[in-house]
Amino acid sequence: MEAGNNERLLMWARCLGHLIQEAPDTAARTSVAEEINRCNGDRVQMNLLAEFYINYLIRLFRQDKGRTPTPSTHSSRSGSFDEQRSLFGAAVEPAPKDHTTAKHSALRRDGYRCMVTGMADLLATEQMTDAEQQRHNVAGLLVVTTNYCHIFPPSSNWDLKPEENGHPKTHYSGNIWGIVNSFANISVLDELDGENMHRLSNGLTLQVDLRILFDALKLWFEEVPNQPHTYDVHTFRPHGLLPRPRRVTFRSTNPALELPDPKYLKLHAAVCRVAHMSGAARYLDLHGREVEKRKFMAHDGSSAELLDSRLHRRALQRGNGTMFSLIYKYVSQPAALIVINTFLRAKSFLLSLIFESISTFLVMRGSYGRVQSLPFGHFLKLSELTVPEEAKAIRFVAAHTSIPLPRIVASSTGFWNHYMFMKRVDGETLECAWGMLSPEQRSNVVEQLRTMVGQLRSIPAPQHLQISALENAPCLDGRVAGRRTFGPFNTVAEFHDHILEVSKYYDERNLDTIRSQMSDDCRVVFTHGDLAPRNIFVKGGTVVAIIDWEHAGWYPEYWEYVKAKYTHDMDEDWDQAIRDMIPGDYEKEWKLDKNLSDRIVGAL
Numbered sequence: 001m002e003a004g005n006n007e008r009l010l011m012w013a014r015c016l017g018h019l020i021q022e023a024p025d026t027a028a029r030t031s032v033a034e035e036i037n038r039c040n041g042d043r044v045q046m047n048l049l050a051e052f053y054i055n056y057l058i059r060l061f062r063q064d065k066g067r068t069p070t071p072s073t074h075s076s077r078s079g080s081f082d083e084q085r086s087l088f089g090a091a092v093e094p095a096p097k098d099h100t101t102a103k104h105s106a107l108r109r110d111g112y113r114c115m116v117t118g119m120a121d122l123l124a125t126e127q128m129t130d131a132e133q134q135r136h137n138v139a140g141l142l143v144v145t146t147n148y149c150h151i152f153p154p155s156s157n158w159d160l161k162p163e164e165n166g167h168p169k170t171h172y173s174g175n176i177w178g179i180v181n182s183f184a185n186i187s188v189l190d191e192l193d194g195e196n197m198h199r200l201s202n203g204l205t206l207q208v209d210l211r212i213l214f215d216a217l218k219l220w221f222e223e224v225p226n227q228p229h230t231y232d233v234h235t236f237r238p239h240g241l242l243p244r245p246r247r248v249t250f251r252s253t254n255p256a257l258e259l260p261d262p263k264y265l266k267l268h269a270a271v272c273r274v275a276h277m278s279g280a281a282r283y284l285d286l287h288g289r290e291v292e293k294r295k296f297m298a299h300d301g302s303s304a305e306l307l308d309s310r311l312h313r314r315a316l317q318r319g320n321g322t323m324f325s326l327i328y329k330y331v332s333q334p335a336a337l338i339v340i341n342t343f344l345r346a347k348s349f350l351l352s353l354i355f356e357s358i359s360t361f362l363v364m365r366g367s368y369g370r371v372q373s374l375p376f377g378h379f380l381k382l383s384e385l386t387v388p389e390e391a392k393a394i395r396f397v398a399a400h401t402s403i404p405l406p407r408i409v410a411s412s413t414g415f416w417n418h419y420m421f422m423k424r425v426d427g428e429t430l431e432c433a434w435g436m437l438s439p440e441q442r443s444n445v446v447e448q449l450r451t452m453v454g455q456l457r458s459i460p461a462p463q464h465l466q467i468s469a470l471e472n473a474p475c476l477d478g479r480v481a482g483r484r485t486f487g488p489f490n491t492v493a494e495f496h497d498h499i500l501e502v503s504k505y506y507d508e509r510n511l512d513t514i515r516s517q518m519s520d521d522c523r524v525v526f527t528h529g530d531l532a533p534r535n536i537f538v539k540g541g542t543v544v545a546i547i548d549w550e551h552a553g554w555y556p557e558y559w560e561y562v563k564a565k566y567t568h569d570m571d572e573d574w575d576q577a578i579r580d581m582i583p584g585d586y587e588k589e590w591k592l593d594k595n596l597s598d599r600i601v602g603a604l
């Protein structure tokens, strides 16, 4: 533990030094130096200042930001900076969550290509005639799925409530834009307020794997002097994705469609360099995986070591010799962590007792099956201990993607059940809304779902990958085993063998033929496993939540498509939508699966 603390202290010290060294200009360098001088050599205050920059400048550019930081103030901070936080917190307008128009405009600007590799966008080229492909110079190009990649992520300006004094998201937004205003000399209210967050100057067209690197601070653009809009593309540990460096020149197909702003990319590049040279990037990566990596993990998803790190932060804030520093000293011992873990398990038991009482005595209209409607816009969902814990899957997806998810207030395990206490989703199921959506709205929904499927498939696989639910837990699929779990499996071949083993009612003479047509060399990707319209919530043309993650896990890449095809009471347009939102040709796998399902009673 002591080694970990020393590493953290070194990282904070390096962060302040590299912020001065890598600052975009003299004004930014002076701003950081003045903040350091205000600490008057106090190491605790300097550590807090470094943590402040990590939370509100470096985290800003990461897609996976983690939880909104607790509102932070400390004596090293200047009064003028606090004034800026208050100004921006009150003045910044929330950014719209739908940026479909910006994506389409960026594709036109960038010639329907990834701006780095030059590969053509799959969906756009599929919708073009041969003549249009020739006109846009994309005929014969390799195709990929592209995303509209914001330089400044719009999520920083989502769900703001300036009317609520001390609202954490508004406080967070005020802090980050105060830093950007002073560190990068960017006029936030003129350039990035409200809908301006989706201006083309704040966006790039990148293929999915490069967007993930960009959003993780592992890919950045260094401007080439005296060559407008020309950049060397740098990656951190590129693993063969790109030569290092690669030089690109951004060109717009239409002068009215503005290119990415060089000063935005300059700030992003500076933050990337600071993050990697200081060790902050690795620190954020590790903390972003706390929920799944912590050794002492309670059933409700909380962590004894996470509490340990938070007590450490309080000790830093309060100084040595205080109650907080003494608690941190003793809690850091392994025996104390076990005590905390026991306490967390007791907390989970008490929550389960409350939830079990609610589920027994408070059943309201709107409840169905094991999902119970509760007052004040809440739901309680119960599931058997024998099935994977859905709350764990939702938290995992939230940590690795920007997919909209149901908000979990609390979760626990006990009384032979998993319990998940959730906020009601503000929207309606796609199953109900599909028939009322305009063609343009349907197209927008499908494109959003395509991006979300791409994000799921881009989640890095664990070191010891199995066909399984999270953490190598057994699989769940109602068609294969009802509510019983099965697996996990070390290979795709084992998974396919099991599917045929449960096909005991099928004519055995045909099973060998079917098995020979199953491909065992397909990728294994993270999969929702039940992407049906009843599990997709929309509001207008925007996807606001994807629910029901108990079937999620690591499965062959075709599994998402096959499972999505088992949808009833939807029109032919939805069948085409499935093909559009799940890239790849999986019709052969679907036909094989359907061949088995149509002839088996109760097994598949």
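Per full-length UniProt numbering, the very first residue in the sequence shown carries number 1; after that it's consecutive.
Ideal Cβ positions, reconstructed from N, Cα and C, are used throughout, including at glycine.
CB-CB under 7 Å to residue i, same chain, minus the five flanking residues each way: which ones, in chain order?
i           : result
V453        : E560, M581, I582
M11         : S278, G279, A280, Y283
G540        : Q441
G427        : F537, V538, K539, V544, A545
T249        : H229, T230
L19         : V32, Y53, V274
E587        : none
residue 605 : One cannot answer for residue 605 here, as it falls past the ends of the chain, which runs 1 to 604.
A124        : L107, Y112
R109        : L200, S252, T253, N254, L257
Which residues mark the beginning and the end of the beta strand (DSSP E) in which residue i is found?
i    : result
Y148 : 146-150
G203 : 203-207
T527 : 524-527
Ends of the alpha helix (DSSP H) at residue i?
i           : result
A577        : 572-581
V397        : 390-400
P262        : 262-278
Y555        : Looking at the DSSP string, Y555 is not in any alpha helix (DSSP H); the run it does join, the beta strand (DSSP E), is 553-556.
I54         : That residue, I54, is in no alpha helix (DSSP H); it is neither H nor E in DSSP.
W220        : Premise fails: W220 lies in the beta strand (DSSP E), 219-223, not in any alpha helix (DSSP H).
F495        : 492-501
residue 619 : Past the edges of the chain, shown from 1 to 604, lies residue 619, and the structure says nothing about it.
Q134        : 130-135
H104        : 100-109
A124        : 122-126
E191        : 188-191
For residue i, does the three-state DSSP call read helix, strand or coil?
i           : result
R450        : helix
K563        : helix
residue 613 : This structure leaves residue 613 out entirely; the chain is present only between 1 and 604.
E589        : helix
A461        : coil
S597        : helix
A532        : coil
T117        : coil
Q466        : coil
V180        : helix
V138        : coil
F236        : coil
Using C-beta distances below 8 Å, list every residue in its chain close to residue i, excluding the 5 sequence neighbours before and after it, in chain order.
i           : result
P474        : P388, S468, T485, F486, G487, P488
residue 617 : The first residue shown for the chain is 1 and the last is 604, placing residue 617 beyond what the model contains.
N444        : D98, T100, G541, T542
L326        : Confidence at L326 is low in this model, with a pLDDT of 49, below 50, so its placement is unreliable and no value can be given for it.
A398        : L405
Kindly list the residues whose CB is nearer than 6 Å to the CB of residue i, restricted to its own chain and excluding five residues on each side of it in sequence; keep chain order.
i    : result
T527 : Y555, W559, E560
A552 : A393, H528, G529
D593 : V562
Let me check one thing: in DSSP terms, what residues is residue i bridge-paired to?
i    : result
R515 : Answer is none; R515 lacks a bridge partner.
F537 : T429, A545
T230 : T249
F486 : C475
R211 : Beta-bridge pairing links R211 to no other residue.
I403 : BP columns for I403 are empty, so no partner.
A410 : F421
Are any of the Cβ atoms in chain C nearer than 8 Å to that of residue i?
i    : result
N175 : The displayed structure is made up of one protein chain only, and chain C is not part of it.
Exercise. Is there contact between the region 217-236 and the region 191-202, where contact requires at least three CB pairs shorter than 8 Å?
Worked result: no
Exercise. Taking three-plus beta-carbon pairs below 8 Å as touching, is the region 136-151 in contact with the region 104-117?
Worked result: yes
Exercise. Are there three or more Cβ pairs, one per stretch, closer than 8 Å when the region 429-439 is compared with the region 454-468?
Worked result: no
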